[in-house]
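Have a look at the structure below before the remarks.
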Amino acid sequence: MSMNIVVLGLGSELMGDDSAGLKVIDILKQKHKKNGVDFKKCFSTGFEVMEEIEGYDAAIIVDSICTGLYKKGEVVRLKPEDLRYSKRISSFHDFDLNTSIELGRDLRLKIPNTISVFAVEIEESYEFSEAFSPEVEGAVYSLVEAIDMELSKMYKELGI
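First residue of the sequence shown: 5, per the working numbering; consecutive thereafter.
Take a look at the structure:
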């Protein structure tokens, strides 16, 4: 059985630690050359995320979160409904990931049934920077490893 998978990194390139999801995509793109897996970046939420995952059988989303529930640099696996703490997903101008997914399904778009979310805890910052803090820089590679394992599991289950 053929399956199309998207790995979607969310972030802002100019906000330091908030760009972790984008960096993960850059690294994974170089490592994974299999057909059936697309690596994409997204700089917004709501409608844009819905459009980026539409038509895929499975999605892996990677982002930075600011919850205060974890140590800075801690990598966590979440469900879409848990991702209310993404800087993009808690915008006044848009809606959260779970709402985006539900809206897509209500509109009868082909939204993946399987959606995994991997995130790194960051601290709130409004300073422009292209550099990561040491904690988040190390976490980028932990995120890559976690997503590598998730993709390997999917490949094995689907015979890709």
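Glycine residues also receive a C-beta, built at the ideal position from the N, C-alpha and C atoms.
No experiment lies behind these values; they were computed from the predicted model shown.
Rounded to whole angstroms, the separation of the alpha carbons of Pro116 and Asp42 is 14 angstroms. With contacts defined by Cβ atoms closer than 8 angstroms, Val121 and Arg81 form a contacting pair.
In the structure shown, Lys83 falls within a coil segment according to DSSP collapsed to helix, strand and coil. From the listed residues Leu155, Tyr145, Asn102, Ile57, the smallest Cα separation to Asp30 is found for Tyr145. One thing to note: Gly25 has its Cβ no nearer than 8 angstroms to the Cβ of Gly40. Just so you know, the alpha carbons of Ser68 and Ala123 end up roughly 5 angstroms apart. For Ala63 and Thr118, the gap between their C-alpha atoms comes out near 6 angstroms. Measuring C-alpha to C-alpha distances from Ala143 to each of Ile57, Tyr74, Asp61, Gly59 identifies Tyr74 as the nearest. Between Pro84 and Ile105, the gap from beta carbon to beta carbon is short of 8 angstroms. Pairing Ser48 with Glu127, the inter-Cα distance amounts to about 19 angstroms.
Asp22 is classed as buried because its beta carbon has at least 16 other beta carbons within 10 Å across all chains shown. Pairing Val79 with Ala150 gives a Cβ-Cβ distance under 8 angstroms.
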